[in-house]
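> Residue numbers are given in full-length UniProt numbering: position 28 of the sequence shown equals residue 28, and the series is strictly consecutive.
A single structure is presented below for examination.
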Amino acid sequence: MHLLNYSLLPASNVTCACVGQFSGTKAQEICVARGATRIELLRADPQTGKLDFVVDAEVFGTVRSLAAFKLTGGSKDYLIVGSDSGRIVVLEYDPAANQFNKLHQETFGRSGSRRVVPGQYLATDPKGRAVMAAAMEKSKLVYILNRDAAANLTISSPLEAHKAKAIIHSIVGVDVGFENPLFAALEVDYGESDQDPSGEAFNAAEKMLTYYELDLGLNHVVRKWSEATDPRANMLVQVPGGQTTADKFDGPSGVLVCAEDYIIYKHQGAKEHRVPIPKRAHPLMDPERGLIITSAVMHKMRGAFFFLLQSEEGDLYKVTIEHDEEEVLALKIKYFDTVAVAASLCILKSGFLFVASEFGDQYLYQFEKLGDDDDETEYSSTDYPNFGAGSDPLPTALFRPRPLENLVLADELESLGPILDCKVANFLGEDTPQIYTACGRGARSSVRILRQGLEVVEAVSSELPGAPINVWTTKLRHEDEYDAYIVLSFVNGTLVLSIGDTIEEVSDTGFISSAPTLGVQQLGEDALLQIYPRGIRHILADKRVNEWKVGPNQTIVCATTNKRQVVVALSTGEIVYFELDLEGQLNEFQERKEMHAEILTLSIAEVPEGRQRTPYLAVGCADSTVRIISLDPENTLETLSLQALTAPPSSIVVAEILDTSTDKHHATLFVNIGLQNGVLLRTVLDSLSGQLTDTRTRFLGSRPVQLTRVPVRGSPAILALSSRSWLNYSYQNMLQFTPLIFDALDHAWSFSAELCPEGLIGITGNSLRIFTFPKLGTKVQQTSIPLSYTPRKLITSPTRNLLYTVEAEHRTLSPSAQQKMLGDLKSAGIEVDEGVMQLPREVFGLPRAPAGNWASCIRIIDPVKATTAFSLELENNEAAFSVALCTFHTTPNEQHLIVGSAQDTTLAPRTCKQAYLTTYKLIDEGRGLELVHRTEIDDVPNTLMPFQGRLAAGIGKALRIYDLGKKKLLRKAENKSFASMIMTLNTQGSRILVGDVQESIHYVAYKAPENRLVVFADDTSPRWTTAATMVDYQTVVAGDKFGNVFVNRVAAAVSEEVDEDPTGASIMHEKGYLMGAPHRTSLIAQYHVGDLVTSINKCSLVAGGRDVLLYTGVSGTVGVLVPFVSNEDADFFSTLEMHLRTEAPSLVGRDHLAYRSAYAPVKAVVDGDLCNQYRLLSMQKQGSIAGDTDRTVSEVLKKLDQAAAHAW
């Protein structure tokens, strides 16, 4: 078995972000690390308030930190990346090539995310002179950044600032103007704690704020100052400083130390200031619970600065420092607004706040005001004795949470992370199945329906008196910005509608209305053209009409036009060619071309810029051929080339589209041929010789393909209509081919009006549709169904279009527990603020509670309507962890939902007061639940599965088989030999595959005569299994918590031997191998995907395609493993991957082979994402690699396209 890995949807959560002028212009961009494996550049449009995608780059490594820096006096920001490569990398964004270029790559340690290898933290000097890279423990390195004589960036050798046996919590550059660069670190020395078994030294350990100074004269780093700070401190924030003029300072310099419940200002030789972090005045607030700051941002304005700090609840606080030159007078804090909890906050000079969230969608907010003139209570260090300094507790500060006042939402980026479960099903009755993912955390959780295709926004939908057979739009003059007419052709006539404030019928256009129309064109500068079966009408600007008519017993069967050329095909098999002369007259070429076959379709391209004509005509004939005919004056109507087809053509469009994978500098002339059997062919037409080369095919649907040339964002694109509509367009200079999520269209054309400047008009039956594509870069539509808590399991109904999910949330209160607490407060005479209780949970989160408190529910979802059909809250601090749909053999006509739950669960150590298997009967066609009974069990049930008319349950370490009883489930069989905890169950026949949380996959045979569960094979490697599914009867694919996917197989001889033993006695008495099962599985494939795998499904995502393995990751990754069908393909892709490891090295300096082999050597899997980097190489490198594989560049690209088409 050989597999090809493709990321259908790369990781979408953001682990870190920074802002800078990476393009070298005044505009700022946001650089984000998505899923720690991809760097992406975003730009906020100040006019629209939308985030525009600029560029992204797969790094084939793990990004641990990002930092932007600008050399002194420079106008361009560079990007420093800390990663698991053991190297510090400086990247520059090149706007001309739209890519990141690596400027410097300095090795300092071993690869991998190790605690003593720097890269976890990055801090830059505010003046752009130096950068510090630190590890979580001991190591800190400082690099000096400068320019050489040619103004190129230079980087020095590293200077060490190590401190042995020190754990580093945070580092930051201290703003000291142009004095020696200074870095602050928050460190704890654990040396004495290590040697003291009593634990007293651990309790007495101090957290130190330490200043490290880089002496530029002596070129070394010294520890300048160190002072103990709050032992619960977790973050440092830079405070502006330095002298701008002789008598003016930017700020007092120093740092803000963010600790649990407090913000502290500290600086060498300066007075300490401390203020409490305001807490929510919530009726259900736990008064003992501390509050920490998780992200922070500082923003400098002319003559002022402020900080936005965010707590773990999502509340933003505005912190200001009142100062007189370098002396701090007061530290002030007040509540600002509440947004989603962020991994990073970025403030742009254009007045935007970017909230980069690791869990859930990312948001862009615009500042409405800065919160200076509101009624929020401001807490100042001057309100407390000695400015609040010291370790004594300060009075609790409170605020009342409220909806947004200072910020307004401008844009939102959808993110799937974290995906906790996933299923594939076709509930919507489409050509391809949908992917249903259970995403999110807490009250922001959702089930998302993923459908491949471009999202379409419909502007107008109108019924027509009949069903048109075609539609066109046209301008009146060439220089007009918008279309003037919509022309609808019916079987027996033509209807012309004018486009204005309203769309209404007009009759004085010069168009003939008593016959159907075959073509409409705005000709020359100001004329119109109508082609109908009996002739051509050339309508001049003054409404005079020149008419050309066909001979007796002849009709026009098809036509093609551009603004200077007209070609029509007659029923006699002749082609008639017209060209517009310089006076605006339409002249017929004196000769006609006889084709000797029925002509079905014609096409010519648009006239190239600065040319009189396009030189080629494509003709599709009923003998299943396409001919390219010259329109050049030297050899007019001469046949240049011919291509045989597998079916008669139904439509042809010739279009010039930019595709950098084919030609990096010029647009490519493509001939798109739609066949009557639903297949589309795309062929490259050589612009010099007229020869057809590099043919690609794709099955689009069951109907004959109709093609239309349409503009998309000012560039030509092809709309292909079959049983599903597809768009072939250029995005980021790469050719894309994507289906539309829209009703099947019969006909379509471009549409441009004042209210819809770049849309399309389409016909479906007898309705007229006008629509646009708002998000060309998003090729997957997400439909979100909100959930109450974090989803734990998602299952599909095999008989109905329904989804069932169980949700559970730790450290929060269930609705019944909340009502009880509120009732107790009211009965005690304490006033309850109902307004705070009514705030939306998806923004403000669920009320926090001590560990051991749970809220949980069971939910039935209707994916067709995208709504919740039924939900049931669990009581008595019970949490649901697993769910299964079972049809028991004793009740074959009834379906039961079994929910595995536990009461008073604690996670560390993992215990529960009581666990249950609750059986519900499905009522109301599966949309309701009726309790049958509850079965008490002794441990948390992590996974359930139907098995041969019974229930298989993984309960703690035990695998059990249950049958349905009258008062509870009846235990029929049990095996307690599993090592830690059962996480996954899969079955085929009488075989069960058990995934243990620490000990990989076990093969279990159920022997019915003895009612016995027998383990007969297990893995050689201990793997922390998170998801698994069976590929076939002997093979399993699984994922582990370290981001690996592996395929294991049991030997065929062992499999047969186990099946032939009716009682399992021979296996029972067989000696275990190395304290395990009698047999071992062999490793077939192994691959590091770089994301914790949460689900694996075996399915087909393409109509008529082969099965693939679809996996999802906690960072929002959706990927597939596509099996190769031939050794030739496997060898080709392996060779291509080998070349690209050399020619397309990782941006962060990580060795690709080492990355994909992070925990075990990669085996029998090719990285399709790396293979796709071939498209981005220079043409010279592409040619060199193609030559080594004995292929042409176009053949390599064709192989890549075919592989991608099989994936999705």
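C-beta atoms are modelled at their ideal positions from N, C-alpha and C, and glycine is treated no differently.
Compute the Euclidean distance between the alpha carbons of alanine 605 and threonine 502, then round it to the nearest angstrom.
32 Å
> Taking the beta carbon of asparagine 219 as the centre, do at least 16 other beta carbons fall within 10 Å, making it buried, or is it exposed?
exposed
> Quick check on DSSP: helix, strand or coil for glutamate 1128?
Correct three-state label for glutamate 1128: helix.
> Going by DSSP, what residue range makes up the beta strand (DSSP E) through leucine 450?
446–452
> Using 8 Å for Cβ pairs, my map puts alanine 356 next to alanine 342. What's the rounded Cβ distance?
Yes, alanine 356 and alanine 342 are in contact; Cβ-Cβ is about 6 Å, under 8 Å.
> Where does tyrosine 1159 land, buried or exposed, given buried means 16+ other C-beta within 10 angstroms?
exposed
> With 16 as the cutoff for other CB atoms within 10 Å, does aspartate 372 come out buried or exposed?
exposed
> Mapping DSSP to helix, strand and coil, what is tyrosine 1155?
helix
> By alpha-carbon positions, which one of Glu1070, Val1058, Asn975, Leu1109 ends up nearest to threonine 1029?
For the residues Glu1070, Val1058, Asn975, Leu1109, the minimum Cα distance to threonine 1029 belongs to Leu1109.
> Which runs of the beta strand (DSSP E), 3 residues or longer, sit entirely within the region 144–209?
153–155, 166–174, 182–189
> With DSSP as the reference, please indicate the residues paired to threonine 37 in a beta bridge.
Answer is none; threonine 37 lacks a bridge partner.
> Under DSSP, the alpha helix (DSSP H) around alanine 487 begins and ends at which residues?
At residue 487 the sequence reads valine, which differs from the alanine that was named. No alpha helix (DSSP H) holds valine 487; the beta strand (DSSP E) holding it covers 485–490.
> With a 10 Å radius around its C-beta and 16 neighbouring C-beta atoms as the bar for buried, classify phenylalanine 978 as buried or exposed.
Buried is the call here.
> For serine 702, is the classification buried or exposed, using 16 other Cβ atoms within 10 angstroms of its Cβ as the cut-off for buried?
exposed
> With burial defined as no fewer than 16 other Cβ atoms inside 10 Å of the residue's Cβ, what is the status of tyrosine 616: buried or exposed?
buried
> May I ask you to report which of helix, strand or coil DSSP gives lysine 913?
coil
> Quick check: what's the CA-CA separation for tyrosine 335 versus threonine 812?
23 Å
> Around the C-beta of proline 158, are 16 or more other C-beta atoms found within 10 angstroms, so that it is buried, or is it exposed?
buried
> Pick helix, strand or coil for glutamate 272, following the three-state DSSP scheme.
coil
> Could you compute how far the alpha carbon of threonine 1025 sits from the alpha carbon of valine 1036?
12 Å
> Quick check on DSSP: helix, strand or coil for phenylalanine 1133?
helix
> Do alanine 459 and glycine 759 have their C-beta atoms within less than 8 Å of each other?
Glycine 759 sits close to alanine 459, with the two beta carbons spaced by under 8 Å.
> Using the beta-carbon count (16 or more within 10 Å), is residue 1231 buried or exposed?
Only positions 1 to 1208 of the chain appear in this structure, which leaves residue 1231 out of reach.
> Quick one: what's glutamine 585 bridged to in DSSP?
According to DSSP, which records beta bridges pairwise, glutamine 585 is partnered with nothing at all.
> Between valine 1050 and aspartate 421, what straight-line distance do the alpha-carbon atoms span, to the nearest angstrom?
27 Å
> Measuring only the C-alpha atoms, how far is aspartate 175 from methionine 301?
15 Å
> Could you work out which residue in Ala1053, Ala1005, Ala1017, Leu1092 is closest to threonine 1063 when comparing CA atoms only?
Ala1005
> Please report the distance separating the alpha-carbon of aspartate 1151 from that of arginine 1141.
8 Å
> Please identify the residue among Trp854, Val1125, Glu547, Val843 whose C-alpha is closest to the C-alpha of asparagine 587.
The closest CA to that of asparagine 587, considering only Trp854, Val1125, Glu547, Val843, is found on Glu547.
> Report the residue from Asn677, Ile39, Gly453 whose alpha carbon sits nearest the alpha carbon of glutamate 92.
Ile39
> Please say whether valine 545 and arginine 537 have beta carbons closer to each other than 8 Å?
It is a contact, given that the beta carbons lie within the stated cut-off.
> What residue range is occupied by the uninterrupted beta strand (DSSP E) comprising leucine 825?
No beta strand (DSSP E) holds leucine 825; the alpha helix (DSSP H) holding it covers 815–827.
> Per DSSP, glutamate 809 is paired with what?
Ala855
> Using CA coordinates, which residue listed in Leu872, Arg232, Lys593 is at the minimum distance from alanine 855?
Leu872
> Taking buried to mean at least 16 other C-beta atoms within 10 Å of its own C-beta, is isoleucine 628 buried or exposed?
buried
> So, under 8 Å CB-CB, proline 125 and glycine 173 are touching, yes? Tell me the CB distance rounded to an integer number of Å.
Before going further, note that residue 125 is aspartate rather than proline in the sequence given. In this structure aspartate 125 touches glycine 173 by the C-beta definition: roughly 5 Å separates them, less than 8 Å.
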